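Novice:
Residue numbers (the numbering used here): 219 to 341.
Have a look at this one:
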């Protein structure tokens, strides 16, 4: 169960997400497609030399709200995740916003930043 201590929220490894969220599916408008050098929307075939198949499927799929995180990726993430999330209550007050603002510190990852979060699935 998530632990909340002051402004810090920590998940247990068991609570780590099993799916990625695709915000594009919930937008009230359609995002213009990526364009190829030809001036037409890019196709999966054009992306194949650059990206793995699953990433292409995610990139070109604007309708699915979530995508399953592969087991191998979740296992690799568990070396340094879950990282705690912090509520930025002071910033909320300074901005005068009713929104709840959160941030994460990814310094415990192998690279010391968030890059591993995207590099692992791409590899």
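Note that beta-carbon positions come from the ideal geometry of N, C-alpha and C, so glycine has one too.
These figures come from a predicted structure and were not determined experimentally.
#1: If you drop the 5 nearest sequence neighbours on each side, which residues of the same chain put their C-beta closer than 8 Å to that of residue 239?
#2: Check whether the Cβ atoms of residue 222 and residue 291 lie closer than 8 Å to each other.
#3: Can you tell me which of 271, 304, 298 and 319 puts its alpha carbon nearest to the alpha carbon of residue 341?
#4: Let me check understanding here. Comparing Cα to Cα, which of 316, 252 and 296 lies closest to residue 279?
#5: Report the partner residues of residue 338 according to the DSSP bridge assignment.
#6: Relative to the C-alpha of residue 244, which residue among 299, 274, 335 and 281 is closest?
#7: In or out: residue 321 buried (at least 16 other Cβ within 10 Å) or exposed?
#8: Report the partner residues of residue 223 according to the DSSP bridge assignment.
Specialist: Result, derived from the coordinates:
#1: Along the chain shown, read from residue 1 onward, the residue named residue 239 stands at position 21. Around residue 239: 283 and 284.
#2: For the purposes of this step, residue 222 is identified with residue 4 of the chain shown, where counting begins at 1. For the purposes of this step, residue 291 is identified with residue 73 of the chain shown, where counting begins at 1. Result no, Cβ atoms of residue 222 and residue 291 do not sit closer than 8 Å.
#3: In the chain shown, the residue the question calls residue 341 occupies position 123. When the alpha-carbon of residue 341 is set against those of 271, 304, 298 and 319, the nearest one is in 271.
#4: In the chain shown, residue 279 corresponds to position 61, counting from 1. For residue 279, the closest of 316, 252 and 296 by C-alpha to C-alpha distance is 252.
#5: Looking up residue 338 in the chain shown gives position 120. Assignment of beta-bridge partners to residue 338 by DSSP yields no partner.
#6: The count along the chain shown starts at 1 and reaches residue 244 at position 26. Answer by Cα proximity: 281.
#7: Position 103 of the chain shown, counted from the start, is the residue given in the question as residue 321. Classification for residue 321: exposed.
#8: Translated into positions along the chain shown, residue 223 becomes position 5. Residue pairing of residue 223 in beta bridges, as defined by DSSP: 226.
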